[in-house]
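What follows is a short report on a single structure.
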Amino acid sequence: MAGDTHDDRARQDRTLRRSGRLGCAGGLLALAVLAGCAEPSAADRPSSSGCPAERADDAQARKAAVAAMTDPATLARVAREDPDPDVARAALARVSDPDALTRAACEAPDWRVAQDALWRVTDPTLLARTARDARDWRVRAAAIEKTPDPETLARAAREDRDERVRRAAVRKLSDQSVLERSAREDTDPDVRRAALDRLTDPKALCAAACRERDPLLVVAIVEKLTDAAALAEVAQAGVCAAGRAAAVNKVADQNVLARAACEDADDGIRKRAAERLSQPEALARVARQGKDPELRRQAAERLTDQGELARAAREDPSAGVRAAAVVRLTDQTALAVVAQKDSDAGVRRAAATALTEPQALARVAREDRDPRVRAEAVGRLADQNVLARAACEDPAPEVRRSAAGRVTEQPPLARVALEAPDAELRSAAVNALTDEKALARAAREDKTPEVRVAAVGRLADPAALALVAREDAAPEVRAAAVVRISDSDTLVRVAAEDRAPEVARAALGRLADPAALARVACEGRHVEVRLDAVKRVSDQSALASVAADAKDWGTRKAAFGRLDAERLAALAQRAQDPAAALAARVAAGQESWDTVFAPDNLARRGLGTVLGAVALVESSRPGNAAVVAACHAFIRQGDTTRIPELRDLLLRFGDKTLAEDFLNCGQAQLQEAGAEWAAAHGLIVGGGRGSQRVRWGEQEER
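First residue of the sequence shown? That's 15 in our numbering, and the numbers climb one at a time after it.
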């Protein structure tokens, strides 16, 4: 312990020698050592085994020592030099000398301590010294806040190395020359802004606004300006676009605005200046001289002077500007010139839209090289002959459509209906026509069926309709004619002869006379039409006529099945076909199937007659075995006269065996009937030996 005490004292002695205080009173020495203001040298420091807690204890010891000190110089030194803020503050609290406080404010290592010292300084000279010499900017700024001295403020505004101090000085300055210099020369935009905020001299503000390049600063300056001349100068001479824009927003002089709209390098400024124009002369200047076509266009849209509008419509290099001028132009002579001569189709079209002079419009409609322009002109024409000509002759479909849509008088409509190259235009014209000759010609001659249908729909001439119904190549046209015909002979002819079933049916649907229906049933070209005709006949005499005279078995059977007993008896006497006569006797109850199939009767009448009669009668039926045997015998004969009846008999009386016989007999139609029967009964026709019971015509071959 003795060794440690000796070493501590030795270190204290060395410290005192270095500080030049050896020889002072013992008590003072001890206190000065405890509150040591300088960091010990490496040789004098305790060993590295010391910890932070020991160093904290040292600061506490120094602070305690300070509390016991009385020497002002030592207290001032501790306040100025001790690295621990608490120790320095403790010493500072006991310092009262203004110079010592000023020195502490300038030199204390901790800015908070320095600021504490500054708060106690009141002398202007000392405040000026602190504002100049304090090492920390915050202390200098605080000194600036306290000092009222203009020179100190001006010096700080010009010379301080920290922009925050300069800004603080500027905010207290009122000297316009110093403020103007700071606003012009300071490198920091916030300092310049602060200086500008304090500036009130219009000339200085104007010069700053013209010179300043920082957008935020220059806008702030312009906001302060109220002098019209200054605003005009900034709007025209400012180097910053934001400043010119701000000035343009405030300036009211139309000449200044017009110049900005015409000449400013910035698109936005030119646009804003143009928007603020209101006087015709200023607008005309922009329309003539503006370098931006869009602004010239906007100016033209606001012009009312017809001379200026005509000049712009004829001379402006931009088609958009010329078009805008044309929209406002009312001078028909000027419009006609533009509509016929402008190089741009859009401009010519705009001029045509505004034209009302018929001759000029007609010329544009005939001669303009652009179809959109011709269409516009046509859309404004009223001359029916010019419109009809355009509808028929213009090379562009859109022009023809526009023209045709405006034709309303009958002779021009007839021309469109007959001559227009577009089917839809001819059809539309036909739908508006009333001239029977023109309609008949269109119905006969137009190359498009849709147009002919439209014409037929408007026709009333029976002869013309009948001609179309019989001769037109298109079924839909013939059908359209049929529905407008009431002449029975024509309808019967079409129903019986037309090559298209749908047309024949359409004609049949308009018939009601039983004799006419019977005629179609007997003579009709299409089996389905003949059967439809039979279904529509209710008169027994007509049905009997069909049953006796129809050229095909299917029609006869359809009519036969609907005959009453009286007509059956009559048919039994007059039928040309012996099979029909026999069927009528059986159906009327005059003869039975047993009698018919008796060998002698069967041989006398012939297999064809008997099988034909069986196929006609639905009300009663012979035995299956007899019918099948007769079918086999008839197949062996190879007689084609009863093929339809054989097909019917297979479907009504046949079984799998007879179907196989049909499939293998060697006759194509009967083979087809066999396959049909198999499909109807869910059977598949496959390969193999098949039935060999009967062959077509084998009896003749023997």
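Each residue gets a CB set at the ideal place from its N, CA and C atoms; glycine is no exception. In this text the structure is predicted, and so the values were computed from the model without any measurement.
Candidates the options, of which the one nearest residue i by Cα
{"i": "A594", "options": "G626, V610 and D608", "result": "G626"}
{"i": "V253", "options": "A272, D280 and N263", "result": "D280"}
{"i": "V378", "options": "A353, A612 and D130", "result": "A353"}
{"i": "A510", "options": "A529, E537, E686 and L630", "result": "E537"}
{"i": "L210", "options": "A579, K238, R227 and Q706", "result": "K238"}
{"i": "P426", "options": "A443, R414, P411 and A410", "result": "A443"}
{"i": "A694", "options": "R703, V335, L665 and A259", "result": "L665"}
{"i": "R498", "options": "A514, G334 and L522", "result": "L522"}
{"i": "T623", "options": "T504, A275 and A597", "result": "A597"}
{"i": "A359", "options": "A90, R383 and A493", "result": "R383"}
{"i": "A221", "options": "D202, A208, R195 and V205", "result": "R195"}
{"i": "A446", "options": "R212, A469, R458 and D241", "result": "A469"}
{"i": "A114", "options": "R576, A410, P86 and R709", "result": "P86"}
{"i": "V642", "options": "T654, K670 and L395", "result": "K670"}
{"i": "D200", "options": "R169, E580 and T214", "result": "R169"}
{"i": "E295", "options": "L453, L545, A242 and L323", "result": "L323"}
Residue interval of the alpha helix (DSSP H) (run including residue i)
{"i": "G688", "result": "A682 to A694"}
{"i": "T569", "result": "W567 to F574"}
{"i": "S606", "result": "Note, S606: premise wrong, no alpha helix (DSSP H); not H, not E."}
{"i": "A474", "result": "A474 -> no alpha helix (DSSP H), and no H or E assigned at all."}
{"i": "I649", "result": "N638 to Q651"}
{"i": "V135", "result": "Where V135 is concerned, there is no enclosing alpha helix (DSSP H), given that its DSSP letter is neither H nor E."}
{"i": "W151", "result": "W151 to K160"}
{"i": "D100", "result": "P99 to L106"}
{"i": "R635", "result": "Unbroken run through R635: none, as it is neither H nor E."}
{"i": "K2", "result": "Any question about residue 2 goes unanswered here, given that the chain covers just 15 to 716."}
{"i": "V248", "result": "A242 to A251"}
{"i": "V534", "result": "P528 to E537"}
{"i": "D96", "result": "Neither: D96 is in no alpha helix (DSSP H) and is coded neither H nor E."}
{"i": "P331", "result": "Taken as a continuous stretch (DSSP letters only), P331 belongs to no alpha helix (DSSP H), as it is neither H nor E."}
{"i": "V387", "result": "P385 to V392"}
{"i": "T166", "result": "P164 to E173"}
{"i": "C277", "result": "With the sequence shown as reference, residue 277 is identified as Glu, and Cys is not the correct amino acid for it. Run containing E277: Q268 to E277, per the alpha helix (DSSP H) assignment."}
{"i": "V378", "result": "P372 to E381"}
Under the three-state DSSP convention, the category residue i falls into
{"i": "V236", "result": "helix"}
{"i": "K670", "result": "helix"}
{"i": "G622", "result": "helix"}
{"i": "T462", "result": "coil"}
{"i": "K186", "result": "helix"}
{"i": "I698", "result": "coil"}
{"i": "T344", "result": "coil"}
{"i": "A366", "result": "helix"}
{"i": "P60", "result": "At P60, the pLDDT of 40 sits below 50, so the modelled position is not reliable; the number obtained from the coordinates is stated separately. DSSP places P60 in coil when its eight states are reduced to three."}
{"i": "I499", "result": "coil"}
{"i": "A518", "result": "helix"}
{"i": "S357", "result": "coil"}
{"i": "A123", "result": "The identity of residue 123 in the sequence shown is Pro, whereas the question assumes Ala. P123: coil per DSSP, three-state reduction."}
{"i": "F611", "result": "coil"}
{"i": "V551", "result": "coil"}
{"i": "Q293", "result": "coil"}
{"i": "L42", "result": "Per-residue confidence for L42 stands at a pLDDT of 35, beneath the threshold of 50, marking its modelled position as unreliable; no derived number is given."}
{"i": "R707", "result": "coil"}
{"i": "P411", "result": "helix"}
{"i": "R588", "result": "helix"}
{"i": "A434", "result": "coil"}
{"i": "R286", "result": "helix"}
{"i": "E226", "result": "coil"}
{"i": "V262", "result": "helix"}
{"i": "A509", "result": "helix"}
{"i": "L717", "result": "Not covered by the structure: residue 717. The range shown for the chain is 15 to 716."}
{"i": "R206", "result": "helix"}
{"i": "V109", "result": "coil"}
{"i": "V421", "result": "coil"}
{"i": "T504", "result": "helix"}
The ligand NAD heavy atom lying under 7 Å from the CB of residue i
{"i": "R273", "result": "Of the ligands one can find in the structure shown there are none, so the ligand NAD has no counterpart to examine."}
**Asked** How about the segment 388 to 403 and the segment 424 to 442: do they share at least three Cβ pairs that are nearer than 8 Å?
**Response** yes
**Asked** Looking at C-beta atoms only, is the number of pairs between the segment 588 to 603 and the segment 561 to 576 that lie closer than 8 Å three or more?
**Response** yes
**Prompt:** How about the segment 541 to 556 and the segment 644 to 657: do they share at least three Cβ pairs that are nearer than 8 Å?
**Reply:** no
**Prompt:** Okay, do the segment 333 to 344 and the segment 305 to 318 touch, 3+ Cβ pairs below 8 Å being the bar?
**Reply:** yes
**Asked** For the 8 Å Cβ check, are there 3 or more pairs between the segment 235 to 249 and the segment 261 to 275?
**Response** yes
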